[in-house]
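J.: Numbers given in our numbering equal positions in the sequence shown, counted from 1, plus 12.
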Amino acid sequence: AEPLRFTSPDGYDVLAGKNNRQNDYICVRLARPEDVWLHARGVAGAHVLVRNPSGGPLPAPTLRFAAGLAAFFSRASGSRAVPVDYTLAKHVHKPKGARPGMVLYTHQSTLAVPPTPPPGE
13 AEPLRFTSPD
23 GYDVLAGKNN
33 RQNDYICVRL
43 ARPEDVWLHA
53 RGVAGAHVLV
63 RNPSGGPLPA
73 PTLRFAAGLA
83 AFFSRASGSR
93 AVPVDYTLAK
103 HVHKPKGARP
113 GMVLYTHQST
123 LAVPPTPPPG
133 E
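Okay, here's the thing in structure tokens:
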């Protein structure tokens with residue numbers, strides 16, 4: 013199954029995996045080096061990817077939108093504020109032999125955001 017697709021307030025394409033296979037597909041097949049990858053810190057949840065064709069910094073509303081989705085589609089969705097790590101996709105790596113959806117990442121920053129349901133939910 014395909015990952016969920018959304019459009020950020022600034023018009024960026026945002027993808028979210030709702031299971032390990034979709035998360036793996038996003039990280040291994042779809043991510044381009046300058047795309048921005050997000051995940052709720054320390055809990056199971058969706059991998060969220062913001063397509064960033066220009067490679068420049070994302071507008072704050074898009075970053076907060078994507079982080080809110082990562083928080084919503086995580087095991088921490090009942091919390092008031094969820095720490096969400098984000099980094100460029102080129103800093104996300106799947107270890108050899110790792111199970112689907114398992115990644116390691118570096119160069120991250122963290123935002124604390126409330127879980128935000130996607131438009132229409």
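The beta carbon of each residue, even a glycine, is placed where N, CA and C say it ideally should be.
These figures come from a predicted structure and were not determined experimentally.
Nearest by alpha-carbon distance to residue 51: which of 41, 84 and 71 is it?
T.: Position 39 of the sequence shown, counted from the first residue, corresponds to residue 51. The residue with the shortest Cα to Cα distance from residue 51 is 84.
J.: Can residue 149 and residue 44 be called in contact, C-beta distance under 8 angstroms?
T.: Absent from the model: residue 149. The displayed extent of the chain is 13 to 133, so no value can be given.
J.: Alpha carbon to alpha carbon, how far is residue 29 from residue 47? Give it in angstroms, no decimals.
T.: Locating residue 47 in the sequence shown gives position 35, where the first residue counts as 1. Locating residue 29 in the sequence shown gives position 17, where the first residue counts as 1. Residue 47 and residue 29: Cα-Cα distance of roughly 15 angstroms.
J.: Would you mind giving the Cβ-Cβ distance between residue 81 and residue 115, rounded to the nearest angstrom? I have them listed as a contact below 8 angstroms.
T.: Within the sequence shown, residue 81 is the residue found at index 69, counting from 1. Within the sequence shown, residue 115 is the residue found at index 103, counting from 1. With 8 angstroms as the limit, residue 81 and residue 115 do not qualify as a contact, their Cβ atoms being about 17 angstroms apart.
J.: What residue does the beta strand (DSSP E) around residue 18 start on, and which one ends it?
T.: Within the sequence shown, the letter at position 6 stands for residue 18. 16-19 is the span of the beta strand (DSSP E), which, as asked, contains residue 18.
J.: Which two residues bound the contiguous beta strand (DSSP E) that contains residue 52?
T.: Reading the sequence shown from its first residue, position 40 is the one you call residue 52. Unbroken beta strand (DSSP E) run through residue 52: 48-52.
J.: Ignoring anything shorter than 4 residues, give me the alpha helix (DSSP H) runs that lie fully in the region 58-89, in order along the chain.
T.: 72-84
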